[in-house]
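Numbering (UniProt numbering), first residue to last: 1 to 660.
The C-beta atom is built at its ideal place from N, Cα and C for all residues, glycine as well.
These numbers come from a predicted model, not from an experiment.
1) Taking the alpha carbon of residue 186 as the reference point, which residue from 66, 298, 13, 256 has its own alpha carbon closest?
2) Taking the alpha-carbon positions, what's the residue 566 to residue 192 distance?
3) Taking the Cβ atom as the reference point for each residue, do residue 392 and residue 409 lie within a distance shorter than 9 Å?
4) So, helix, strand or coil for residue 151, using DSSP?
5) DSSP state of residue 309, grouped into three classes?
6) To which residues does DSSP link residue 319 through a beta bridge?
7) Distance check for residue 331 and residue 465, CA to CA, integer angstroms please.
8) Tell me where the beta strand (DSSP E) around residue 441 begins and ends.
9) Along the chain, where does the alpha helix (DSSP H) that runs through residue 450 open and close?
10) Contact defined as beta carbons within less than 8 Å: I believe residue 127 pairs with residue 51. What is the distance between those atoms, to the nearest angstrom?
11) Buried or exposed: which applies to residue 254, given that a residue is buried once 16 or more other Cβ atoms fall within 10 Å of its Cβ?
12) Could you check what DSSP says for residue 32 in three-state terms: helix, strand or coil?
13) Check the Cβ-Cβ distances between residue 392 and every residue of chain B, and say whether any is below 9 Å.
14) I think residue 136 touches residue 117, with their Cβ atoms under 8 Å apart; what is that distance to the nearest whole Å?
15) In three-state DSSP terms, what is residue 126?
16) Nearest to residue 184 by CA position, among 201, 173, 427, is which residue?
17) If you draw a straight line from the alpha carbon of residue 383 to that of residue 340, how long is it in whole angstroms?
18) Closest to residue 65 by CA distance: which of 42, 616, 31, 101 is it?
19) Could you check the C-alpha separation between residue 622 and residue 426 for me, to the nearest Å?
20) Grab me the residues of residue 119's own chain with a C-beta within less than 7 Å of its C-beta, minus the 5 sequence neighbours each way, in chain order.
21) Could you check the C-alpha separation between residue 178 and residue 151 for me, to the nearest Å?
22) In three-state DSSP terms, what is residue 198?
23) Check this for me: beta carbons of residue 439 and residue 343, under 9 Å apart or not?
24) Do residue 134 and residue 44 have their CB atoms nearer than 9 Å?
25) Is it true that the region 300 to 316 meets the region 469 to 479, where meeting means three or more beta-carbon pairs spaced less than 8 Å apart?
26) Roughly how many angstroms lie between the CA atoms of residue 327 and residue 284, to the nearest whole one?
27) Taking all protein chains shown into account, decide if residue 160 is buried (16 or more other Cβ within 10 angstroms of its Cβ) or exposed.
28) What did DSSP end up calling residue 39 once you bin it into helix, strand or coil?
29) Between the region 441 to 451 and the region 278 to 298, can you find at least three pairs of beta-carbon atoms closer than 8 Å?
30) Tell me the DSSP secondary structure of residue 237 in three-state form.
31) Is it the case that the Cβ atoms of residue 363 and residue 437 are separated by a distance below 9 Å?
32) How close, in whole Å, do the beta carbons of residue 294 and residue 176 come, if the pair is a contact with beta carbons under 8 Å?
33) Can you give the Cα-Cα distance for residue 381 and residue 481, rounded to whole angstroms?
34) Using the Cα positions of residue 272 and residue 263, report the straight-line distance between them to the nearest angstrom.
35) Closest by CA to residue 469, which one among 386, 374, 455, 338?
36) Verify whether the separation of the beta carbon atoms of residue 162 and residue 390 is less than 9 Å.
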């Protein structure tokens with residue numbers, strides 16, 4: 001199980017096209033044994049008149065593809081001219097179809113359509129693929145390839161458009177299969193759980209180089225840092241040797257001027273220096289991306305979003321919701337449950353609904369579209385968009401594009417960018433619009449690893465409210481609370497039970513999660529949202545206790561793979577799980593509360609009911625002990641951020657959150 005990773009535009013899809021034979025290499029050769037199955041990147045976004053049968057035939061063996069085309073042509077001919085020749089041609093096409101085992105393939109397709117779409121192949125074969133969701137398209141093709149006879153599979157971003165249950169299914173199937181699989185993915189959770197080896201495409205001065213890491217994602221970041229350190233060490237040694245040889249040549253030249261006997265040694269040293277310089281220095285290290293997203297935001301009213309008995313027609317049941325300034329809310333749920341429609345409604349689109357909703361004072365929404373559907377940007381270059389829409393002259397525009405690693409694409413049109421490049425440009429436009437509430441629909445879906453980490457850093461510094469639809473479990477761990485769109489149409493709100501206390505002290509609800517760039521390795525958790533002026537005061541001038549940052553992992557440790565849904569390890573040191581709460585001191589009690597809440601978030605995401613009951617029981621006892629020691633500091637929900645809602649604000653009535 002090999003994962004292919006690299007920055008957007010590094011050539012991952014091109015490499016798969018070379019391996020599949022679609023493109024011819026300029027040098028070298030490609031050999032595949034055992035049959036090759038390929039899933040293209042476009043699967044999930046098919047919008048033409050392709051049918052389910054056409055899609056399944058396109059990923060079948062070459063013999064079946066040719067026989068299917070012959071059957072289609074013979075059927076068309078017999079419908080046009082029903083003579084003896086047409087009937088004989090049709091009979092021959094059916095015989096050829098049977099010879100290549102086409103009927104066995106149809107039996108397999110029946111299993112696939114039943115598993116992916118819930119209907120047999122006979123009923124699904126003429127359905128247009130564009131009527132399926134992106135997740136259904138992906139699942140259908142993956143079912144066909146993983147159940148098929150090809151022993152080697154090339155999968156280009158197989159997890160895109162899949163919801164969390166779909167991604168779990170994919171992880172399980174990849175773990176079970178005995179096929180050789182090379183897959184492209186930016187999903188850090190899938191990489192951590194499925195990849196046994198990683199091939200990294202890294203852009204360099206002469207094009208992209210492929211570096212193979214023999215371990216999994218758990219050790220990938222550390223190994224990559226060590227590789228870059230070796231590049232630096234080799235260059236340092238070369239520079240030292242070069243300086244030493246030049247110094248020797250200079251010394252021998254001076255000696256040769258005074259002594260003819262030294263002339264031969266001088267010439268030998270010159271030859272040695274020349275050959276050393278002709279061999280050249282060691283190769284330059286790959287260029288690392290330096291993406292810096294400066295999402296600023298701004299102060300708004302206390303309630304950023306308020307919904308009362310809101311119902312999206314045909315998608316969900318009525319629900320109430322309050323989202324407060326500064327909160328980070330992850331919107332989770334299966335495909336087709338109405339998550340994207342909900343964000344579009346908040347962005348101002350005309351989505352059919354009942355009930356009421358409103359944005360708070362000074363809330364300026366900025367919508368990131370999952371499909372990157374921006375008709376107003378089609379056919380226009382990035383420089384033109386920045387000039388006409390945001391009054392950015394060429395110098396200012398190039399400076400901003402440089403921060404998003406888009407300078408080479410400045411003269412390209414928006415529709416010719418890769419999916420990840422379009423996503424980065426969308427975020428740049430949000431930065432320029434001065435939004436105070438971000439409505440993000442699958443923002444990490446097409447972002448490479450470094451871009452996703454840059455987005456997390458940008459959201460950490462954003463002074464506003466964030467609602468994000470995501471199926472990225474790694475990304476979801478960085479949010480304060482969750483809004484779950486269940487399959488029965490109900491909206492559930494699983495939340496941390498500890499939040500801001502009356503004194504403004506941060507409650508320990510942080511989720512140990514993904515790394516941020518510069519953290520040293522991929523296991524480091526994100527920093528806590530400490531007051532940014534360092535004075536203990538937030539942006540609203542309210543007195544607050546300085547927020548403690550979440551502890552980072554010790555140097556040299558890396559993410560150790562998939563989190564166990566029942567007992568996620570405490571990666572920051574030993575816990576006191578077996579000790580009764582009343583025997584813990586205050587520091588141990590708070591550390592245990594942090595650990596139990598972090599593990600509960602993981603359990604909520606991964607769905608272990610027994611583990612959730614165990615954690616809830618332990619959490620209730622810990623919180624009871626906390627309240628016994630701190631009777632004047634009741635538990636409340638919230639996030640400690642600059643300007644986040646303050647339970648003791650005189651002009652704000654304490655809000656109540658409906659029980660879930």
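The relevant details are as follows:
1) Nearest C-alpha to residue 186: 13.
2) Because the pLDDT of residue 566 is 34, which lies under 50, any placement of that residue in the model is unreliable, and the number read from its coordinates should be weighed accordingly. C-alpha separation (whole angstroms): 18 Å.
3) Taking 9 Å as the cut-off, the beta carbon of residue 392 is found no closer than this to the beta carbon of residue 409.
4) The DSSP-derived three-state label of residue 151 is coil.
5) Strand.
6) As DSSP reads the structure, residue 319 sits in a beta bridge with 310.
7) Straight-line Cα distance between these residues: approximately 13 Å.
8) Taken as a continuous stretch (DSSP letters only), the beta strand (DSSP E) holding residue 441 covers 437 to 441.
9) 449 to 461 is the span of the alpha helix (DSSP H), which, as asked, contains residue 450.
10) Confirmed, about 6 Å.
11) By the neighbour-count criterion, in which a residue is buried when 16 or more other Cβ atoms sit within 10 angstroms of its Cβ, residue 254 is exposed.
12) DSSP places residue 32 in coil when its eight states are reduced to three.
13) Reference to chain B is not applicable here, since this structure consists of a single protein chain.
14) The Cβ separation is near 6 Å, so the contact holds.
15) Here residue 126 sits in coil by DSSP.
16) Relative to the Cα of residue 184, the nearest Cα in the group 201, 173, 427 belongs to 201.
17) Here the C-alpha atom of residue 383 lies approximately 29 Å from the C-alpha atom of residue 340.
18) Checking every option, the nearest Cα to that of residue 65 belongs to 101.
19) When only Cα atoms are considered, residue 622 and residue 426 end up about 44 Å apart.
20) For residue 119, same chain residues with a beta-carbon under 7 Å away, outside a window of 5 residues either side, are 113 in chain order.
21) Between the alpha carbons of residue 178 and residue 151 lies a gap of roughly 8 Å.
22) Strand, per DSSP.
23) Yes.
24) Yes, the Cβ-Cβ distance between residue 134 and residue 44 is below 9 Å.
25) Touching, no, given that fewer than three Cβ pairs across the two stretches are closer than 8 Å.
26) Cα to Cα, the separation comes out at about 43 Å.
27) Residue 160 is buried by the Cβ-count criterion.
28) When secondary structure is reduced to three states using DSSP, residue 39 falls in the strand class.
29) Three or more Cβ pairs closer than 8 Å define a contact, and the region 278 to 298 meets that threshold against the region 441 to 451.
30) Note: residue 237 maps to helix in three-state DSSP.
31) Going by C-beta atoms, residue 363 is nearer than 9 Å to residue 437.
32) Between the beta-carbon of residue 294 and that of residue 176 there is about 44 Å, and that puts the pair past the 8 Å contact cut.
33) Between residue 381 and residue 481, the C-alpha separation is close to 38 Å.
34) Between residue 272 and residue 263, the alpha-carbon positions lie close to 14 Å from each other.
35) Of the candidates 386, 374, 455, 338, 338 places its Cα closest to the Cα of residue 469.
36) Cβ distance not < 9 Å, so residue 162 and residue 390 don't count as in contact.
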